Structures are given as C-alpha cells and as structure tokens.
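Please read the structure below before turning to the comments.
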Amino acid sequence: MQFSDFSLNSTILKAVKEQRFHTPTVVQHKVIPLILEQKNVVVSAQTGTGKTASFSLPIIELLSRKEVDESNSSKIKSLIITPTRELAIQILDTFKNFSKHCNIKTTAIYGGVSLNPQKEMLAKGVDVLIATPGRLIDLQKQGHVDLGNVEIFVLDEADLLLDMGFIEDVKKIEATCPKNKQTLLFSATMPDKIVDLAKRIISKPVIVEINPTETTSKNIGQLLYYLPKKHKTDLCLHLLRNTINGKIIIFRRTKFGVDKLEESLSKNGYNVASIHGDKTQALRNQAIEDFKSKKASILIATDVASRGIDITNVDAIINFDLPNVAETYIHRIGRTGRAGKSGIAFSFCSPDENSYVKLIEDLLGRTIKVISDHPYPISKPKHKKKQPNTVSKNKKGRKSEASKKRKKRWY
C-alpha cells in the first residue's frame with residue numbers, strides 16, 4: 012500500500028512525496044483510514060513507528076475538507092497535547108511539512124520560553140494547536156486560548172504524560188473542549204491509569220494495538236554485557252575505542268548519571284552532548300542540533316528527555332543502565348536500524364539489573380546474545396525456569412472469575 016491509496020487530497024500527497032514518504036508503516040496503514048472516517052481511536056504502539064504522521068496527515072485532510080468560514084477562521088479546530096517541549100516542536104515540524112501546500116495554520120506552545128511570542132501567534136489565529144499541558148493551562152487562565160471549537164482532540168504519548176504527572180491537567184483541558192469532538196489517544200504502553208483515562212474521555216473507540224516486537228527492526232543487532240556496576244564507564248570507553256563507531260545515543264536512568272558520564276567521556280576526548288529534564292530548553296535544543304550536525308558524535312540522554320525526538324541515522328545505542336520497563340528497551344533500540352539501515356544495541360547489565368534482562372527477553376520472545384569476551388566479565392546469572400501457565404478452572408472446565416480479571420479489559 013502507498014500513501015496515494017489513502018483518501019488524501021493532491022496537495023497533501025505532494026507534500027508527502029517531497030518528504031520522501033512512500034510506504035506507510037503498520038501504524039499508519041491501520042490508523043489513517045479510521046481517523047479519516049472520523050472514528051475515535053486508541054492506539055498502542057511504540058515510539059518510532061510513525062504515530063505522528065498517522066494522526067497529522069488525516070487531521071490536515073479533515074480540516075482541508077471544511078468550507079472556509081470567515082467567522083470561524085481564527086478558532087482552534089484541532090488540539091494535540093504532548094508531554095515534552097521536544098515532542099511539541101517535532102509534531103509542529105511534521106504538521107508544517109505536510110500542510111505546506113494547504114491553508115492550515117499550526118503553532119506550538121510549551122514552557123521554558125517566553126510567553127509573549129506564543130500569545131502573539133495565538134492572537135493571529137491557528138487551526139491546529141500543539142501544546143504541553145502546563146503552558147496551555149497558563150495561557151487558558153490568561154484568556155489567550157479558547158478550546159470551545161475544537162473538533163479533533165489528540166493525546167500523544169499518553170503514558171509519558173502519566174509518568175510526568177500531567178494526567179489531572181489533561182482531564183481539566185479535555186473538559187473545556189466540546190463533548191462531540193473526535194478523540195485520538197496514542198501511547199507506547201497501556202498502564203491501567205491510561206486505560207481508565209481512555210474509558211473516561213473517549214466514547215466507543217476503535218482499539219489499535221501493535222505488538223512492540225513486531226515493529227522492532229530486524230536490522231538491529233543486540234548484544235548484552237554482564238559486568239560489575241563500577242566498571243560500566245570503563246567498558247563504555249573500551250567499546251568506544253575499539254568497537255563502536257558513528258553516531259551513538261547512550262541511555263542513562265538518571266539526570267545525575269547523564270552529567271557524570273558526559274564529564275567522563277569529555278575528559279577522554281569525545282565530543283558529547285546531553286539532554287535531561289533539568290537542562291534549559293535552549294541547551295536541549297543545542298544538544299540535539301549538535302548531534303544532528305555531527306558536532307557531537309555521542310548523545311547521552313534520559314528516557315523522558317529523549318522520548319519522541321526525531322533523530323535519524325543513529326549507528327548504535329548503548330543501554331548504559333538497563334530500563335526496568337521492558338517496553339522502554341524496545342523504544343531505545345528502535346532509535347537505530349531505521350529506514351532499512353542496520354544498527355546495533357549494546358546493553359550493560361550489573362547484578363542489580365539481572366531481573367530486567369528476564370523481563371526484556373520475555374517481551375522479545377528470545378534471548379539476547381551475551382558477549383563475555385571483554386575486560387570486565389562476570390558470570391551470566393541463571394534465571395529460574397518459567398513455571399507452566401496454569402489457569403484455575405471450575406468443574407465445567409471454564410476459567411474462574413479470578414483468572415478472567417487478571418487482564419484488564421477495554422469497554
């Protein structure tokens with residue numbers, strides 16, 4: 012299937028072609044037709060699967076179909092809520108690229124920068140508003156944002172909105188929009204609180220679930236190193252000197268860890284950039300630009316700060332700290348091996364992280380290749396054998412009520 016097979020007008024397809032988009036991803040193939048049919052949709056799919064285009068393209072199409080109404084020309088018709096400044100900027104770029112030949116006005120508002128330019132943009136009128144929750148609520152209170160005409164409401168990276176403590180703000184924002192709007196929710200994972208939120212704000216959605224392992228590129232090599240925690244920086248330097256080349260993203264769990272590793276690598280002569288939540292917007296933008304332009308060959312990041320950032324041609328990923336959520340591992344390694352290119356992911360595991368490996372391998376459905384030929388090896392731990400999955404049954408052989416409740420259901 013090609014993008015030309017969707018019901019998109021010629022001006023949008025021209026922009027799609029100029030962006031060198033040809034074959035839709037799995038998410039785009041499934042979601043775009045549903046949005047064009049004006050269905051409410053809940054999508055569970057990992058970062059990097061093309062979710063932004065899956066909602067931006069049909070939103071531009073739906074808004075383009077409307078007859079021009081001068082009395083409604085300055086009203087916000089579509090609102091996209093996203094958790095981070097970087098994501099807001101990325102989504103804005105996507106909308107601008109795809110709507111460049113259409114009469115669609117888009118802007119983004121987010122914290123960390125001056126309010127005045129954002130107020131001026133809103134005063135001129137916009138069709139599509141992309142916003143982080145805190146800044147949107149601030150501008151609403153000041154009377155600069157009216158959501159009374161929103162037709163399409165989007166929650167992007169809903170699980171990250173939850174992790175960052177924005178869910179109550181999201182509920183307040185959604186309550187100020189019309190009840191009869193089309194609502195779209197996108198999330199990499201679906202924790203219970205996100206399921207509950209969807210049930211509360213979305214009427215009869217179509218559920219689209221993409222198995223994370225289905226979208227993990229086959230072009231990504233995965234290697235696992237067991238070692239003492241105190242030698243992780245030493246192993247990182249060893250691999251950078253002898254094994255890993257090109258553009259590299261290194262993931263750490265904490266902001267302190269990012270700063271500490273950046274200092275160590277810089278002292279050893281590497282051009283390093285870093286991003287985390289305590290960095291100013293200007294510093295985060297500069298770090299990303301330096302990495303994209305190859306002024307820095309290594310980007311060190313926390314998961315929250317790096318989520319959704321559009322960086323191409325990454326040669327390798329280093330999981331300096333293993334994530335304690337298996338799906339996060341999938342998101343991380345998906346930063347490399349894109350667009351048919353090969354990539355490789357190196358994961359460091361200290362004894363306190365052994366259980367994380369088990370969770371990741373269970374999600375992948377296979378083991379990760381262990382490399383013991385390195386300067387700081389320790390023995391691979393022995394995982395307990397998984398017990399057979401037994402389900403309690405009543406006398407008629409039916410699953411008990413308790414077993415039915417183990418999996419939280421949709422509507």
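Heads up: the sequence shown at position 348 corresponds to 359 in my numbering, and the numbers run straight through without jumps. Idealized CB from N, CA, C, for every residue including glycine. As the structure is a prediction and not an experimental result, all values here were calculated from the model.
Range covered by the alpha helix (DSSP H) that runs through residue i
{"i": "Thr370", "result": "In the sequence as displayed, the identity of residue 370 is Leu instead of Thr. Segment Asn365 to Leu375, the alpha helix (DSSP H) holding Leu370."}
{"i": "Phe197", "result": "Segment Gln193 to Ser198 is the beta strand (DSSP E) holding Phe197; no alpha helix (DSSP H) there."}
{"i": "Lys14", "result": "For the sequence presented, residue 14 should be read as Phe rather than Lys. Taken as a continuous stretch (DSSP letters only), Phe14 belongs to no alpha helix (DSSP H), as it is neither H nor E."}
{"i": "Phe262", "result": "From DSSP, Phe262 is part of no alpha helix (DSSP H) but of the beta strand (DSSP E) over Ile259 to Phe262."}
{"i": "Ser125", "result": "Ser125 -> no alpha helix (DSSP H), and no H or E assigned at all."}
{"i": "Ser67", "result": "Lys62 to Arg76"}
{"i": "Glu338", "result": "Ala337 to Ile344"}
{"i": "Lys190", "result": "That residue, Lys190, is in no alpha helix (DSSP H); it is neither H nor E in DSSP."}
{"i": "Glu274", "result": "Lys266 to Lys278"}
{"i": "Asp170", "result": "Ala169 to Asp174"}
{"i": "Arg31", "result": "Here Arg31 belongs to no alpha helix (DSSP H), and DSSP marks it neither H nor E."}
Contact under 9 Å by Cβ, residue i with residue j
{"i": "Leu147", "j": "Ile115", "result": "no"}
{"i": "Arg295", "j": "Ile286", "result": "yes"}
{"i": "Thr291", "j": "Gly145", "result": "no"}
{"i": "Asp170", "j": "Ser125", "result": "no"}
{"i": "Leu90", "j": "Val54", "result": "no"}
{"i": "Ile141", "j": "Lys88", "result": "no"}
{"i": "Leu150", "j": "Lys130", "result": "yes"}
{"i": "Ala327", "j": "Ile259", "result": "yes"}
{"i": "Ile71", "j": "Ile23", "result": "yes"}
{"i": "Ile341", "j": "Ser358", "result": "no"}
{"i": "Phe432", "j": "Asp314", "result": "For the chain, the structure presents residues 12 to 422; residue 432 sits outside this window and is missing."}
{"i": "Pro388", "j": "Tyr236", "result": "yes"}
{"i": "Leu68", "j": "Val27", "result": "yes"}
{"i": "Phe17", "j": "Ala64", "result": "no"}
{"i": "Gly345", "j": "Thr60", "result": "yes"}
{"i": "Asn256", "j": "Lys352", "result": "no"}
{"i": "Met175", "j": "Thr95", "result": "yes"}
{"i": "Ile221", "j": "Lys41", "result": "yes"}
{"i": "Pro35", "j": "Ile46", "result": "no"}
{"i": "Leu208", "j": "Cys188", "result": "no"}
{"i": "Leu173", "j": "Ile205", "result": "yes"}
{"i": "Ser277", "j": "Val269", "result": "no"}
{"i": "Val137", "j": "Phe66", "result": "no"}
Enclosing beta strand (DSSP E) for residue i [first to last residue]
{"i": "Ile163", "result": "Ile163 to Leu166"}
{"i": "Leu235", "result": "Ile231 to Tyr237"}
{"i": "Leu90", "result": "Ser89 to Ile92"}
Rounded separation between residue i and residue j - CA only
{"i": "Lys391", "j": "Ile311", "result": "27 Å"}
{"i": "Leu250", "j": "Lys369", "result": "24 Å"}
{"i": "Val181", "j": "Ile100", "result": "19 Å"}
{"i": "Pro399", "j": "Glu29", "result": "Because Pro399 sits at a pLDDT of 48, beneath the cut-off of 50, its placement in the model cannot be relied upon, and the following sentence gives the value as read from the coordinates. Approximately 52 Å, taken between the alpha carbons."}
{"i": "Ile355", "j": "Leu234", "result": "8 Å"}
{"i": "Glu372", "j": "Ser21", "result": "45 Å"}
{"i": "Lys305", "j": "Lys62", "result": "27 Å"}
{"i": "Glu185", "j": "Ile212", "result": "8 Å"}
{"i": "Val156", "j": "Leu133", "result": "7 Å"}
{"i": "Ser275", "j": "Cys247", "result": "10 Å"}
{"i": "Ser85", "j": "Leu98", "result": "24 Å"}
{"i": "Gly376", "j": "Asp245", "result": "31 Å"}
{"i": "Ser15", "j": "Lys25", "result": "10 Å"}
{"i": "Asp203", "j": "Glu168", "result": "15 Å"}
{"i": "Gly348", "j": "Thr323", "result": "9 Å"}
{"i": "Leu238", "j": "Leu74", "result": "54 Å"}
{"i": "Lys210", "j": "Ala298", "result": "39 Å"}
{"i": "Lys190", "j": "Thr143", "result": "21 Å"}
{"i": "Cys113", "j": "Lys107", "result": "9 Å"}
{"i": "Pro386", "j": "Lys241", "result": "13 Å"}
{"i": "Gln13", "j": "Phe109", "result": "16 Å"}
{"i": "Leu19", "j": "Lys192", "result": "21 Å"}
{"i": "Asp301", "j": "Lys215", "result": "45 Å"}
{"i": "Ile329", "j": "Asn127", "result": "40 Å"}
{"i": "Gln153", "j": "Arg343", "result": "39 Å"}
Beta-ladder partner(s) of residue i, from DSSP
{"i": "Thr118", "result": "Leu140"}
{"i": "Glu387", "result": "Note on identity: in this sequence residue 387 is Tyr, with Glu being the wrong assignment. DSSP lists no partner for Tyr387."}
{"i": "Ser353", "result": "None, per the DSSP bridge assignment."}
{"i": "Phe109", "result": "None, per the DSSP bridge assignment."}
{"i": "Glu220", "result": "Ser55"}
{"i": "Ser285", "result": "Ile311"}
{"i": "Thr244", "result": "None, per the DSSP bridge assignment."}
{"i": "Asp358", "result": "The sequence shown places Ser at residue 358, rather than the Asp named in the question. DSSP lists Leu235 and Asn330 as partners of Ser358."}
{"i": "Val381", "result": "Leu235"}
{"i": "Thr347", "result": "Val325"}
Quiz item: Pairing CB atoms from the region 362-377 with CB atoms from the region 332-343, are three or more of them under 8 Å?
Solution: yes
Self-check item: Touching by the beta-carbon criterion (3+ pairs, under 8 Å), the region 41-54 and the region 190-210
Solution: Here the region 41-54 makes contact with the region 190-210; the two share three or more CB pairs at distances below 8 Å.
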